[in-house]
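Offset between the sequence shown (1-based) and the numbering used here: plus 13.
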Amino acid sequence: MSEAEDYPAVICDDFVRGPTHMYNDGPSVFWDMKSNRQIIDGLPYSIVVSADAAADIFSVLPEDAATAGAAIAYDANVAERALAVAAALRGRQFRCLGEIEIDASERRKKPESVTALQRRLLALGADRATILVAVGGGALTDLAGFAAAAYMRGIRWLPVATTVLGMVDATIGSKTGVNLPEGKNLVGAFWDPVGVLADLKALQTLPLSERKNGMAEIIKAGVIASPMLVESARRHDLTSGADRWEHLIVQAARIKTGIVRSDPRERGARASLNLGHTFGHALERASNYRVSHGAAVAMGLRAAGVLARDRTGWSLDDHRAVLRALRHAKLPLRFPPTVAHDAILQAMASDKKRSGGELTFVLPVRLGEVRVGLSAPEDAVRAAIAECAANPGKNDW
């Protein structure tokens, strides 16, 4: 094993409950009691966790939005929320060019879909002043953000996240992009939005499968930066209402915001957010995206722990704590038998996190601390895959 010397351990203190607490010099969270929304600062744009995006969208749009015009791209699964946003804009006499429905999924998150969206924007008369409002989950906002970054050399955009995964991960940090046949998110751009809006009202109709997907990213954030968040996730009821999800969402979003602020273009500490994703992305690709992102991240977190066992001092107690949280969220821990181990390794070969021809990993050291830029030989990676395919995680040590 070799270790990149310029990738120090990433250590973040536990959060403390309360809307205005700050850890170290991390991003602050403000609770607007009048509108019942929480605002996370720390990036060039604000992240607003809203009870109703249709009511709060005006708080994140720029001053010229009414005359500049907006086009709304939305995931077909959340048409009701997108049309509510469109109605709110028109009700305030905003120039709304039209709505574009997209069948958004990882399989359809590809360059051809970006081109199709851009041609729809052109047909609606979108120009360089137009704001693209993207309403949906992570696949939709990834695709729409990249379309905005390239359309007429870049137009403004606003992601409105309607899934837990989108609220805590996909919309934060300005990453946009699409997949190629060779792997996930291989084509994309960093493109700042004008703001981020998390629509808690969308959780009312969010399927259990999507709640589980988002919980995998919340647990990941806890492993990186907050043992307390891992424990909170372990006790959380997946079927609870938006008011019970809000605290978890705000804290996970705040952790990611703090890490992104310290390293906006992923040259160091931000790579910690890839914990579980080298294995996870490979599982998604090798399964032709039949394995969901959240399920893949859950299995990837377990595999990263197995790989860390002899490399970072990752303890059995911490490993079990993570697995308990993942099991409580009803996330899978055993690699599916239908996905060949060689296919997973082949998918890893095109992973954009490779360095100098070697696979690099983010590995846990203890709850709240990870190390990035660690390489491992193929035989060790293959052994970790085999172990995670052989049992559901009860005998990892």
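From the three backbone atoms N, C-alpha and C, an ideal C-beta is built for every residue, glycine too.
Going by C-alpha positions, proline 194 is about 10 Å away from proline 124. When the beta-carbon positions are compared, serine 328 and arginine 379 come within less than 8 Å of each other. Distance from the Cα of glycine 208 is smallest, within the candidate group Arg141, Arg120, Gly326, Val146, for Val146.
Pairing alanine 211 with alanine 295 gives a Cβ-Cβ distance that is not under 8 Å. In this chain, the beta strand (DSSP E) harbouring proline 377 covers 373–379.
Glycine 149 is a Cβ neighbour of aspartate 88, given a cutoff of 8 Å. Sequence-distant partners of glutamine 131 (beyond 5 residues in either direction) whose C-beta falls short of 6 Å from its own C-beta, in its chain, are Ala160, Tyr164.
Taken atom to atom, the span from the alpha-carbon of glutamate 223 to that of leucine 178 is near 8 Å.
For threonine 189, the enclosing beta strand (DSSP E) starts and ends at 188–193. The Cβ-Cβ distance between alanine 101 and isoleucine 70 falls below 8 Å. Check the Cα spacing between asparagine 49 and each of Asp256, Gly167, Val98, Gln217: the tightest is with Asp256. For arginine 120, the CB contacts under 7 Å within the same chain, skipping 5 residues up- and downstream, are Tyr302 in chain order. Sequence-distant Cβ neighbours of alanine 229 in its own chain, meaning closer than 6 Å and more than five residues away, are Gly307, Val310, Ala311, Leu344.
About 5 Å separates the beta carbon of lysine 214 from that of aspartate 65, a gap short enough to meet the 8 Å contact definition.
With respect to the 8 Å criterion, threonine 176 and aspartate 155 are not classified as neighbours on the basis of their beta carbons.
In the structure shown, serine 388 falls within a strand segment according to DSSP collapsed to helix, strand and coil.
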